[in-house]
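**Student:**
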Amino acid sequence: MFDHLKLLRCFSFTASRDWLFRQSFANAGLRSVTTDLSHGNSIASTAMHCWIPKSPNRSKPNLLLVHGFGANAMWQYGEHLRAFTGRFNVYVPDLLFFGLSSTSEPNRSESFQARCLMRLMEAHGVQRMNIVGISYGGFVGYSLAAQFPEKVEKLVLCCAGVCLEEKDMEDGLFKVPNLEEATGILIPQTPEKLKELIRFSFVKPIKGVPSFFLWDFIDVMCTEFVEEKRDLIKSILKDRRLSDLPRIKQVRVYQLWLNL
Numbered sequence: 001m002f003d004h005l006k007l008l009r010c011f012s013f014t015a016s017r018d019w020l021f022r023q024s025f026a027n028a029g030l031r032s033v034t035t036d037l038s039h040g041n042s043i044a045s046t047a048m049h050c051w052i053p054k055s056p057n058r059s060k061p062n063l064l065l066v067h068g069f070g071a072n073a074m075w076q077y078g079e080h081l082r083a084f085t086g087r088f089n090v091y092v093p094d095l096l097f098f099g100l101s102s103t104s105e106p107n108r109s110e111s112f113q114a115r116c117l118m119r120l121m122e123a124h125g126v127q128r129m130n131i132v133g134i135s136y137g138g139f140v141g142y143s144l145a146a147q148f149p150e151k152v153e154k155l156v157l158c159c160a161g162v163c164l165e166e167k168d169m170e171d172g173l174f175k176v177p178n179l180e181e182a183t184g185i186l187i188p189q190t191p192e193k194l195k196e197l198i199r200f201s202f203v204k205p206i207k208g209v210p211s212f213f214l215w216d217f218i219d220v221m222c223t224e225f226v227e228e229k230r231d232l233i234k235s236i237l238k239d240r241r242l243s244d245l246p247r248i249k250q251v252r253v254y255q256l257w258l259n260l
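Be aware that the sequence shown starts at 1, since it is given in UniProt numbering, and climbs by one per residue.
1. If you compare alpha carbons, which of 131, 129, 68, 60 is closest to residue 85?
2. Which residue comes first and which comes last in the beta strand (DSSP E) that contains residue 52?
3. On a Cα-Cα basis, can you pick out the residue from 208, 50, 67, 245 that is closest to residue 134?
4. What residues are listed by DSSP as bridge partners for residue 18?
5. Who are the Cβ neighbours of residue 146 in its own chain at under 7 Å, not counting the five residues just before and after it?
6. If you draw a straight line from the alpha carbon of residue 144 to that of residue 12, how long is it in whole angstroms?
7. Taking DSSP's pairing of strands, which residues face residue 158 in a bridge?
8. List the residues that DSSP assigns as beta-bridge partners of residue 65.
9. Compare the beta carbon distance of residue 184 and residue 175 with 8 Å and say whether it is the shorter of the two.
10. Once the 5 residues before and after residue 222 are set aside, which same chain residues still bring their CB inside 7 Å of it?
11. On the DSSP bridge assignment, give the partners of residue 31 in chain order.
12. Would you say residue 27 reaches chain D, if we count a Cβ-Cβ gap shorter than 8 Å as a contact?
13. Could you tell me which residues DSSP puts in a beta bridge with residue 101?
14. Would residue 156 and residue 256 be called neighbours here (beta carbons separated by less than 8 Å)?
15. Roughly how many whole angstroms lie between the Cα atoms of residue 253 and residue 126?
16. Can you give me the C-alpha to C-alpha distance between residue 251 and residue 211, rounded to a whole angstrom?
17. Does the beta-carbon of residue 46 have 16 or more other beta-carbons within 10 angstroms, so that it is buried, or is it exposed?
18. Could you name the residues of the same chain whose beta carbon sits closer than 6 Å to that of residue 240, not counting the 5 residues immediately before and after it, in chain order?
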């Protein structure tokens, strides 16, 4: 039987790819910073990691790129970063419980994520911004714009069904039968679940990926904060109703659905 763990101990393809992303972000004029948002509160410590401009240009607008479920912010935006850095001061944070961001707060709502993002941006001197949010990042971006409309110029939601309701799962509007199955796919712990995630995420998914590559990705990217991420997913749907969705009037909102 093939021992994938033995191979991973020798060389990690995922860790190598992560290192390459770090170099590309640095080469694009960004630097890695972790900001303490606790403000002296020793009971609830919160720290958020973010890639920020090494030298912000005051003449450029600010752009906040918010990732969805998956590895970390670098993996979500690494391939597209240079399309933005020429025109914007780009900020690419890790949401709480992704990458290098975490909190001891029990709150798992997207509104709490949004408030932490706002505090992060203010800590870096950003008062006005544009936001792009993909999937779960779209939920967080929408919440940020709803809570702080005076801070947001434009909001782009990519593949983010912010209008969904809790009953939509029961009505069979999703390709998965229940929330437990959905969390198992979004936070894969086996190659089989990771393959399902790939099939759901891409119109033309990659086929024939060796299991040791999949185990490598899971080992590096999917084994930390598993329970916390499950709580994040559950919090999205819990008691969610379209009638409760706050309307955003001052911000220009764009909704995009992408076929990858």
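A virtual CB, placed ideally from N, CA and C, is assigned to each residue, including glycine.
**Tutor:** The relevant details are as follows:
1. 60
2. 46 to 53
3. Checked all of 208, 50, 67, 245; the closest Cα to residue 134 is 67.
4. Residue 18 pairs with nothing; no bridge assigned.
5. 246, 248
6. 36 Å
7. 134, 256
8. 132
9. Contact: no.
10. 187, 188, 189
11. 52
12. The structure shown has no chain D; it contains just one protein chain.
13. Residue 101 is not bridged to any residue.
14. Taking 8 Å as the Cβ cut-off, residue 156 and residue 256 qualify as a contacting pair.
15. For the pair residue 253 and residue 126, the Cα-to-Cα distance works out to about 20 Å.
16. 45 Å
17. buried
18. 165, 166
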